[in-house]
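By full-length UniProt numbering, the letter at position 81 of the sequence shown is numbered 81, and the numbering carries on one by one without gaps. One structure is given below, encoded as structure tokens.
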Amino acid sequence: MDDFQNNQQKVYIFDTTLRDAEQTPGAALGIEEKLEIAKHLAKLNVDIIEAGFPISSPGDFEAVKRVANEVEGPEICALSRVVEKDITAAWKAIEDAPRARIHTFVGTSPIHMGRITRTTPEDTLRMATDAVAYAKSLCEGHPDANVEFSPMDAGRTELAFLYEVVEATIAAGATVVNIPETVGWTVPTEFGNLIKGIIENVPNVNDAIISVHCHNDLGLAVANSLIAVEQGARQVECTINGLGERAGNTALEEVVMAIRTRRDYFKGYYTDINAKEIAPISRRVSRTMGIAVQPNKAIVGANAFAHSSGIHQDGIIKSRVTFEIIDPKEIGWKESQLILSPRSGRNALRHRLSELGYEVDADQLDKVYERFLRVADKKKAVQDADLEAIMSDEIRSI
Ligand code: KIV
Ligand code: ZN
1 MDDFQNNQQK VYIFDTTLRD AEQTPGAALG IEEKLEIAKH LAKLNVDIIE
51 AGFPISSPGD FEAVKRVANE VEGPEICALS RVVEKDITAA WKAIEDAPRA
101 RIHTFVGTSP IHMGRITRTT PEDTLRMATD AVAYAKSLCE GHPDANVEFS
151 PMDAGRTELA FLYEVVEATI AAGATVVNIP ETVGWTVPTE FGNLIKGIIE
201 NVPNVNDAII SVHCHNDLGL AVANSLIAVE QGARQVECTI NGLGERAGNT
251 ALEEVVMAIR TRRDYFKGYY TDINAKEIAP ISRRVSRTMG IAVQPNKAIV
301 GANAFAHSSG IHQDGIIKSR VTFEIIDPKE IGWKESQLIL SPRSGRNALR
351 HRLSELGYEV DADQLDKVYE RFLRVADKKK AVQDADLEAI MSDEIRSI
């Protein structure tokens, strides 16, 4: 039974950690490092890996080529401007991949056309369709190669022109049209309406997959991506840990876990991501790129499954679902953590003592709790070693 009959809608996950996230200041990767991350992205089961921008440097060309030749599973994509030599380099880097994709882009907003390419809308449109047609011609003869086109800065592009560009590039052979929210300008309802408008106003829209690529300048990249899915986008471009230019890109782990955790809301939508690999790849990318994950980051931050206040800890001990909507083991993480602090109550202390092998009655717990609070007031978190010291004093005083 296919997805349509089954009323299921697959959302394709296009990972651009090796291209857009690699543009994060200080995050540049060597060839072996890129290859290593690409192999882990394949284990995560992303649908497409955007491996790099081959024309940008010989090193990047080589890295994309190695990924295309050595990484099995996902489609391998290379980025190019709408320039013949870029597209040729992109193709040469990926042509040996069993599944290959050329991704070509040009700015279509008045700001980008006026200040970057310095082209009229007519010229920009011609450059876009010529580039797609050229890329398509290179793919001829390959068993499974696609062309993706992006009208960069779509969020600030004049709507009628955006529809025209999407229609013309699909007609020229693009099988995926990606709508980049390049500067994170739009807010969710607005971006959702933009995607809805494309679906409703572009006559040949069903000949291509509509994709979205959101940046996080206003902290809205994930929200914009999710509303776009609700409005008909079927590919989300994203990065591990949300890394990327400036405030970053849509975080892969957040989009995937939102669709998965709220399956009651996102009825029928699914991704093929192997969720158990989320925590391991987050750590690996953070280490390799040298960029720490903020502790309160959703899904993969160190505190994402840590509980500190007494009421929350008591709830978690009684039932995990009281204060956790995801089982950390689902994303390949260890158990939830109860952080012992002055905000912790007796129940959390008793629970941890029991895990350390100390069973205490109510009177003992009162005494130990008093000593625990004295230690806790001096520290941010009470460690197991502190509890061991408290307990050995307590045992000696009996
Ligand atoms: O943000 C952007 O517009 C891009 C394009 C190259 C898709 O990264
Ligand atoms: Zn981008």
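Note that beta-carbon positions come from the ideal geometry of N, C-alpha and C, so glycine has one too. What you are looking at is a predicted structure, and each value in this text was computed from that prediction instead of being measured.
Here's the rule I'm using: 16 or more other beta-carbon atoms within 10 Å means buried, otherwise exposed. How should Met1 be labelled? Low local confidence applies: a pLDDT of 44 at Met1 is under 50, so the model's placement there is unreliable, with the coordinate-based value given in what follows. Result: exposed.
Is the beta carbon of Pro328 closer than 8 Å to that of Ser341? no
Would you grab the beta carbon distance between Ile210 and Val147 for me? Rounded to a whole angstrom, and I think it's under 8 Å. At roughly 15 Å, the Cβ-Cβ gap does not stay under 8 Å, so Ile210 and Val147 are not in contact.
Is Asp20 buried or exposed, if buried means 16 or more other CB atoms sit within 10 Å of its CB? buried
Return the chain-ordered ranges of every alpha helix (DSSP H) run that is complete within the segment 278-342 and spans a minimum of 4 residues. 278-289, 310-318
Give the list of continuous alpha helix (DSSP H) stretches no shorter than 4 residues that lie fully inside the segment 59-111. 84-94
Assign Arg246 to buried or exposed, taking buried as 16 or more other Cβ atoms, counted over all protein chains shown, within 10 Å of its Cβ. exposed
Note down, in chain order, each residue of its chain lying with its Cβ closer than 8 Å to the Cβ of Glu140, except the 5 sequence neighbours on either side. none
Give the secondary structure of His215 by DSSP, where H, G and I count as helix, E and B as strand, and everything else as coil. strand
7 Å CB neighbourhood of Leu220 in its chain, flanking five on each side removed: Gly184, Val187, Pro188
Output yes or no for whether 8 Å exceeds the beta carbon distance between Gln313 and Gly357. no
Give a yes or no on whether the C-beta atoms belonging to Thr16 and Glu72 are separated by under 8 Å. no
For Ala171, I'd like the list of residues in its chain whose CB is within less than 7 Å of its CB, leaving aside the five on either flank, ordered along the chain. Asn204
Less than 8 Å between C-beta atoms, sequence neighbours within five positions excluded: which residues of the same chain meet that for Thr175? Asn146, Val147, Glu148, Asp207, Ala208, Ile209
Just verifying my parser: in three-state terms, what is the DSSP assignment at Val366? The amino acid at residue 366 is misidentified as Val; the sequence shows Asp. DSSP places Asp366 in helix when its eight states are reduced to three.
Asp96 to Ile325 span [Cα, whole Å]: 43 Å
Residues of its chain near Glu330, where Cβ-Cβ distance is below 6 Å and the 5 sequence neighbours each way are ignored: Ala275
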